[in-house]
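Below is one structure, written out as structure tokens; the observations come after it.
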Amino acid sequence: MPRIPKFTLDALIGRLRDISRDFRSEPLHWLNPGDCGGSYCRACCARAASSEDMIDGGWGGIECDLQEFCETCGVALECSFTNYGVIEEVHSAAELDAIDPTTAWTLVRIIDCGYPRLTESCGDFRYMPELLPELKKIWKSLNSHTEPTESHP
Ligand SMILES: [Zn+2]
Numbered sequence: 000m001p002r003i004p005k006f007t008l009d010a011l012i013g014r015l016r017d018i019s020r021d022f023r024s025e026p027l028h029w030l031n032p033g034d035c036g037g038s039y040c041r042a043c044c045a046r047a048a049s050s051e052d053m054i055d056g057g058w059g060g061i062e063c064d065l066q067e068f069c070e071t072c073g074v075a076l077e078c079s080f081t082n083y084g085v086i087e088e089v090h091s092a093a094e095l096d097a098i099d100p101t102t103a104w105t106l107v108r109i110i111d112c113g114y115p116r117l118t119e120s121c122g123d124f125r126y127m128p129e130l131l132p133e134l135k136k137i138w139k140s141l142n143s144h145t146e147p148t149e150s151h152p
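For the sequence shown, numbering that gives the first Met the number 0 gives the first residue as 0, with consecutive numbering after it.
Here's what the structure looks like:
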């Protein structure tokens, strides 16, 4: 069995970025006054809009409880996560045998992209050290189910 490289959040983020490098996502949009809270990419939102609807959203930082996908085309939508969302996404990723690009992309956003942040260097804003054992589990899974990546310079 190959040795698992030492876990650090930076190493984990690097691997997750590699896996999700070509992942396609779109800003999250919805209709105002609203059709029961459906979330869309911009193009599908425009197609779903009636003459009374206004297209809303399109900026980052919209808080979601779970990763959202376009109701129509299924593309991943860019949102940030509530505390509940962070915990749920990390829990479910830690249960997976392998990390797919969608999950990797979601985890990068959770761990490293602004809101929320799990890294200690970001201060205590949503710093969740209790999730570190699960992040280590994800690291182990990444290193036992994939081929060795390119050598380091
Ligand atoms: Zn769409």
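Beta carbons are placed, not taken as given, at the ideal position from N, Cα and C, and that holds for glycine. In this text, all values refer to a predicted model and were calculated from it rather than measured experimentally.
Worksheet entry | Candidates Ala45, Ala10, Asn142 and Arg20: closest to Leu27 by CA position | Ala45
Worksheet item: Under a three-way DSSP split, which group does Ser143 fall into?
Response: helix
Worksheet item: What's the gap between the Cα of Leu76 and the Cα of Lys5?
Response: 32 Å
Worksheet item: Any heavy atom of ligand 1 within a distance shorter than 7 Å of the CB on Tyr39?
Response: yes
Discussion item. Quick check: Ala92 and Ser19, are their CB atoms within less than 8 Å of each other?
Written reply: no
Discussion item. Just to confirm the assignment: which complete beta strand (DSSP E) runs, minimum length 3, are found wholly within the region 28–97?
Written reply: 28–31, 53–56 and 75–77
Worksheet item: Excluding the five sequence neighbours on either side, which residues of its own chain have a C-beta within less than 6 Å of the C-beta of Ile61, listed in chain order?
Response: Within the same chain, Ile61 has close Cβ partners Leu27 and Cys78.
Practice prompt. Check whether the Cβ atoms of Leu141 and Arg14 sit closer than 8 Å, and answer yes or no.
Written response: yes
Worksheet entry | From Lys136, Asn31, Gly37 and Cys40, residue whose alpha carbon lies closest to that of Ser50 | Considering only alpha carbons, the answer is Asn31.
Item to complete: May I ask whether a heavy atom of ligand 1 can be found less than 7 Å away from the beta carbon of Cys78?
Response: Not so, every heavy atom of ligand 1 lies at least 7 Å from the Cβ.
Item to complete: For Ser38, count neighbouring C-beta atoms within 10 Å of its own C-beta (all shown protein chains included) and say buried if the count is 16 or more, exposed if not.
Response: buried
Item to complete: Would you check whether ligand 1 has a heavy atom nearer than 7 Å to the C-beta of Thr71?
Response: yes
Worksheet item: Which whole-angstrom value describes the C-beta separation of Val74 and Glu133, a residue pair presumed to lie in contact below a C-beta threshold of 8 Å?
Response: Not really, about 27 Å apart at Cβ, beyond 8 Å.
Worksheet item: Is any heavy atom of ligand 1 found at a distance shorter than 7 Å from the C-beta of Ala42?
Response: At least one heavy atom of ligand 1 lies less than 7 Å from the C-beta of Ala42.
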